[in-house]
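Undergrad: The sequence shown begins at 354 in the numbering used here and counts up one residue at a time.
This is the structure, below, for whatever I ask next.
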Amino acid sequence: MRNILLDTGAIVGLLRSADRHHERVKSFVASLRPTDALLTTWPVITECAFIMRRQEGTYWDWLLESEVQVVDFGLDDLPAMRVWRKRYEDREVDFADQTLVWLGDERRTNLIATTDFDDFEAYRLPNGKPFKILVARP
Numbered sequence: 354m355r356n357i358l359l360d361t362g363a364i365v366g367l368l369r370s371a372d373r374h375h376e377r378v379k380s381f382v383a384s385l386r387p388t389d390a391l392l393t394t395w396p397v398i399t400e401c402a403f404i405m406r407r408q409e410g411t412y413w414d415w416l417l418e419s420e421v422q423v424v425d426f427g428l429d430d431l432p433a434m435r436v437w438r439k440r441y442e443d444r445e446v447d448f449a450d451q452t453l454v455w456l457g458d459e460r461r462t463n464l465i466a467t468t469d470f471d472d473f474e475a476y477r478l479p480n481g482k483p484f485k486i487l488v489a490r491p
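What follows is the structure in structure tokens.
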């Protein structure tokens, strides 16, 4: 079983047929194995809800019908996120990305479905391991 992190851009790219990443995200989804687990966090879900607010029905249907696991974190997880964030003070890192890095560390995975190529090519997990982006670059 592979644990795969799911970022905002991949979700939006999948749900919006007019999105420039739509076909590449669909190809990624088609390549999933039955045993793969898609994992995300509440901040990613919140970003998606904001971006998809004009297509709320589509988003809600997907969220309720998908097998995506939304992993929660607690206040006791924030110090680790903050320590990691300090490595990237020269970059604008949003909180959703920070939570995905935390989740990758927690679940020991560097596999990610994202369209945020530049950032996730630069980020490293706390152990120094780079992310492996599973959505093809344009």
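All C-beta atoms, glycine included, are put in the ideal place defined by N, C-alpha and C.
For clarity, every value in this text was computed on a predicted model and none was experimentally measured.
Just the C-alpha distance for L359 and L453, rounded to the nearest angstrom, thanks.
TA: Position 6 of the sequence shown holds residue 359. Position 100 of the sequence shown holds residue 453. Roughly 8 Å between the two C-alpha positions.
Undergrad: Ordered along the chain, which non-local residues of its own chain (more than five positions away) have a Cβ less than 8 Å from that of N463?
TA: Within the sequence shown, numbered from 1, the residue matching residue 463 stands at position 110. Only G457, L478, K482, P483, F484, K485 meet the Cβ criterion.
Undergrad: Check whether the region 439–450 and the region 391–404 touch, using three or more Cβ-Cβ pairs below 8 Å as the test.
TA: yes
Undergrad: Keeping to the same chain, check which residues put their C-beta closer than 7 Å to that of Y412; ignore five residues upstream and five downstream.
TA: The residue labelled residue 412 in the question sits at position 59 within the sequence shown. Cβ neighbours of Y412 within its own chain (closer than 7 Å, five residues either side excluded): L368, C401, A402, M405.
Undergrad: State whether the region 413–422 contacts the region 438–447, with contact taken as three or more CB pairs (one from each stretch) at a distance under 8 Å.
TA: Not touching, per the Cβ criterion.
Undergrad: Run through the region 362–415 for me and flag every whole alpha helix (DSSP H) of 4 or more residues, listed as ranges in chain order.
TA: 375–383, 395–404
Undergrad: From which residue to which residue does the alpha helix (DSSP H) around L428 run?
TA: Taking the sequence shown and counting its residues from 1, the one referred to as residue 428 is at position 75. Taken as a continuous stretch (DSSP letters only), L428 belongs to no alpha helix (DSSP H), as it is neither H nor E.
Undergrad: For H375, which residues from the same chain have a beta carbon less than 6 Å from its beta carbon, with the 5 sequence-adjacent residues on both sides left out?
TA: Residue numbering aside, residue 375 sits at position 22 when the sequence shown is read from its first letter. So the qualifying residues of the chain are G366.
Undergrad: Would you tell me roughly how many angstroms separate the C-alpha atoms of F381 and A466, rounded to the nearest one?
TA: Against the sequence shown, residue 381 aligns to sequence position 28. Against the sequence shown, residue 466 aligns to sequence position 113. Whole-angstrom Cα-Cα distance: 8 Å.
Undergrad: Which term fits A363, buried or exposed, when burial requires 16 or more other beta carbons within 10 angstroms of its beta carbon?
TA: In the sequence shown, the residue the question calls residue 363 occupies position 10. Label assigned to A363: buried.
Undergrad: Could you pull out every residue in the same chain whose Cβ sits closer than 8 Å to the Cβ of N480, ignoring the five residues on either side in sequence?
TA: Numbered from 1 along the sequence shown, position 127 holds the residue referred to as residue 480. Same-chain partners within the cutoff: D458.
Undergrad: Residue range of the beta strand (DSSP E) that A466 falls in?
TA: Walking along the sequence shown from the start, residue 466 turns up at place 113. Run containing A466: 464–466, per the beta strand (DSSP E) assignment.
Undergrad: How big is the Cα-Cα spacing for G410 and D389?
TA: Here residue 410 refers to the residue found at position 57 of the sequence shown. Here residue 389 refers to the residue found at position 36 of the sequence shown. C-alpha separation (whole angstroms): 26 Å.
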